[in-house]
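Colleague: Following this message is one structure expressed as C-alpha cells.
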Ligand code: PGA
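In this note's numbering, the protein residues as written are 1 to 248.
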C-alpha cells in the first residue's frame, strides 16, 4: 500500500485574479497536511499566474489539453504549453468534457497518451451517470472508460491518478455514500489487478469526486480504497484546507 493521499481542486471556469489571490492566500495559510499531495486545476488563462504565486509544494493542473504538441488547432492548448508555464498536471476526461463537449473514451485516451508522453502527470476522470447507475451499469461503465485508457497509459501508471466521479454527484450536493464510493474503488482495483497488473492495482491512487465538502470528507477519506479527492465547488472556498487535511 503506502499510497500518498492526493487532493485536487478543480476550479472549473471560475475565479479571476482577485479570487485566485484569495484562494492562494488561504492555501498558504493552511496549514496543509504535509503528507498530502495537493494539486489545483486552474483555468488555462490563469495557469501561469497561479503558478507564479503558489508555493512549489502545490501542484498546478490544466483542466484539459489537446492531443498533439502544436499546430492549427484554434483555441486549444498543448501539454508542451502547460509544461512551459510551469504546470505539471492535467485533468482529462472530466464528465463535463465528456457530456458538454462530447469527448469520447477514444479521444480522452489520445489526450492521456500525449500528455503522459509530454511529461505531464494526469488526473484521469471516470464515472457513471444516474441513468447508468440505476440500470446497474456502474461497473460496466467505469471498466469501459478505464479499459480505453490502458494502452494510452502503458507502463506509465506512476504518473496517473484515477478520479472516480459519479456524474450524478457532481455539483449536485448529492455525495456518494462512503460505501458506494468504496465499493466502486474496490472493484476498480480488482479490475486493474486482472487487466493491468497487481502492482498497478495496489499502487494507483483513486480519488473520489462529487460534492465533497469539509463535512463529508473525513468519512470518505477513511475508506481503504479512497486515496484522495477531486473537489469542485468546495475547492474555491476556505474549507478546501479541511478537505486536504481530512485524513488527520
Ligand atoms: P463538485 O465537482 O465537487 O462541485 O461536485 C467535482 C468535480 O467536478 O470534479
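All residues carry an ideal CB built from backbone N, CA and C; glycine is no exception.
Tell me the DSSP secondary structure of residue 121 in three-state form.
Modeller: Walking along the chain shown from the start, residue 121 turns up at place 121. Residue 121: strand per DSSP, three-state reduction.
Colleague: Taking 8 Å as the cut-off, is the C-beta of residue 177 nearer than that to any heavy atom in the ligand PGA?
Modeller: In the chain shown, the residue the question calls residue 177 occupies position 177. No, the beta carbon of residue 177 sits no closer than 8 Å to any heavy atom of the ligand PGA.
Colleague: Kindly identify the DSSP beta-bridge partner or partners of residue 219.
Modeller: In the chain shown, the residue the question calls residue 219 occupies position 219. Paired residues: none, contrary to the question.
Colleague: Name the residue from 28, 210 and 63 whose alpha carbon lies nearest to the alpha carbon of residue 56.
Modeller: As a position in the chain shown, residue 56 is number 56, starting the count at 1. Out of 28, 210 and 63, 28 has the C-alpha closest to the C-alpha of residue 56.
Colleague: Compare the beta carbon distance of residue 226 and residue 234 with 9 Å and say whether it is the shorter of the two.
Modeller: One-based indexing of the chain shown puts residue 226 at position 226. One-based indexing of the chain shown puts residue 234 at position 234. Their beta carbons are not under 9 Å apart, which means residue 226 does not touch residue 234 by this criterion.
Colleague: Which ranges would you report for the alpha helix (DSSP H) in the segment 111-182 if only whole runs of at least 4 residues count?
Modeller: 130-134 and 138-153
Colleague: If contact is defined by three or more beta carbon pairs under 8 Å, each pair taking one atom from either stretch, is the segment 69-77 in contact with the segment 138-157?
Modeller: no
Colleague: Which residue marks the beginning of the alpha helix (DSSP H) containing residue 73, and which one marks its end?
Modeller: Position 73 of the chain shown holds residue 73. Unbroken run through residue 73: none, as it is neither H nor E.
Colleague: Count the other CB atoms, across all protein chains shown, that sit within 10 Å of the CB of residue 172; report buried if there are 16 or more and exposed otherwise.
Modeller: Residue 172 sits at position 172 when you count from the first residue of the chain shown. The residue is exposed, with fewer than 16 neighbouring Cβ atoms inside 10 Å.
Colleague: Per DSSP, which residues does residue 242 bridge with? Please list them.
Modeller: Working through the chain shown from its first residue, we reach residue 242 at position 242. None; residue 242 has no bridge partner.
Colleague: Residue 99 to residue 14, Cα distance in whole Å?
Modeller: As a first step, residue 99 must be located in the chain shown, where it is residue number 99. As a first step, residue 14 must be located in the chain shown, where it is residue number 14. If I take the Cα positions, the gap works out to 19 Å.
Colleague: Do residue 204 and residue 192 have their beta-carbon atoms positioned less than 9 Å apart in this structure?
Modeller: The residue given as residue 192 occupies position 192 in the chain shown. The residue given as residue 204 occupies position 204 in the chain shown. Yes. Within cutoff.
Colleague: Note down, in chain order, each residue of its chain lying with its Cβ closer than 7 Å to the Cβ of residue 11, except the 5 sequence neighbours on either side.
Modeller: Translated into the one-based positions of the chain shown, residue 11 becomes position 11. Excluding sequence neighbours, residue 11 sits near 40, 41, 42, 43, 235 and 236.
Colleague: Does the structure place the segment 118-128 close enough to the segment 164-171 that three or more beta carbon pairs sit under 8 Å?
Modeller: yes
Colleague: For my contact list, residue 212 and residue 220 are in at a C-beta cut-off of 8 Å; report their separation, rounded to the angstrom.
Modeller: Within the chain shown, numbered from 1, the residue matching residue 212 stands at position 212. Within the chain shown, numbered from 1, the residue matching residue 220 stands at position 220. 7 Å between Cβ atoms; contact.
Colleague: Are residue 119 and residue 79 touching if we call contact CB-CB under 9 Å?
Modeller: Start at 1 with the first residue of the chain shown, and residue 119 comes out as number 119. Start at 1 with the first residue of the chain shown, and residue 79 comes out as number 79. Their beta carbons are under 9 Å apart, which means residue 119 touches residue 79 by this criterion.
Colleague: Check whether the Cβ atoms of residue 121 and residue 159 lie closer than 9 Å to each other.
Modeller: Position 121 of the chain shown holds residue 121. Position 159 of the chain shown holds residue 159. At a Cβ-Cβ threshold of 9 Å, residue 121 and residue 159 count as neighbours.
Colleague: Excluding the 5 residues preceding and the 5 following residue 35 in the sequence, name in chain order all residues of the same chain whose CB lies nearer than 8 Å to its CB.
Modeller: Numbered from its first residue, the chain shown carries residue 35 at position 35. Same-chain partners within the cutoff: 4, 5 and 247.
Colleague: Do residue 177 and residue 210 have their CB atoms nearer than 9 Å?
Modeller: If you number the chain shown from 1, residue 177 lands on position 177. If you number the chain shown from 1, residue 210 lands on position 210. No, these two residues do not count as a Cβ contact at 9 Å.
Colleague: Taking 8 Å as the cut-off, is the CB of residue 209 close to at least one heavy atom of the ligand PGA?
Modeller: For this step, residue 209 is matched to residue 209 along the chain shown. It does: the Cβ of residue 209 is within 8 Å (strictly closer) of some heavy atom of the ligand PGA.
Colleague: Residue 195: buried (16+ other C-beta within 10 angstroms of its C-beta) or exposed?
Modeller: Here the question's residue 195 lines up with position 195 in the chain shown. Sixteen is the threshold: since fewer than 16 other Cβ atoms of the shown chains lie within 10 Å of the Cβ of residue 195, the residue is exposed.
Colleague: Within 9 Å of any Cβ in chain B, is that where the Cβ of residue 229 sits?
Modeller: You won't find chain B in this structure, because it holds only one protein chain.
Colleague: Output needed for residue 149: all residues of its chain with C-beta closer than 7 Å, excluding positions within five of it in sequence on either side, in chain order.
Modeller: The residue labelled residue 149 in the question sits at position 149 within the chain shown. For residue 149, where only same-chain residues beyond five positions count, the Cβ hits under 7 Å are 109, 112 and 124.
Colleague: Would residue 62 pass as a contact of residue 87 if the rule is Cβ separation under 9 Å?
Modeller: Along the chain shown, read from residue 1 onward, the residue named residue 62 stands at position 62. Along the chain shown, read from residue 1 onward, the residue named residue 87 stands at position 87. A contact, by the Cβ cut-off of 9 Å.
Colleague: Which term fits residue 245, buried or exposed, when burial requires 16 or more other beta carbons within 10 angstroms of its beta carbon?
Modeller: One-based indexing of the chain shown puts residue 245 at position 245. Buried, since its Cβ has 16 or more Cβ neighbours within 10 Å.
Colleague: What does the alpha-carbon distance come out to for the pair residue 60 and residue 91?
Modeller: For this step, residue 60 is matched to residue 60 along the chain shown. For this step, residue 91 is matched to residue 91 along the chain shown. Taking the straight line joining both Cα atoms gives about 10 Å.
Colleague: Under a three-way DSSP split, which group does residue 10 fall into?
Modeller: For this step, residue 10 is matched to residue 10 along the chain shown. DSSP places residue 10 in strand when its eight states are reduced to three.
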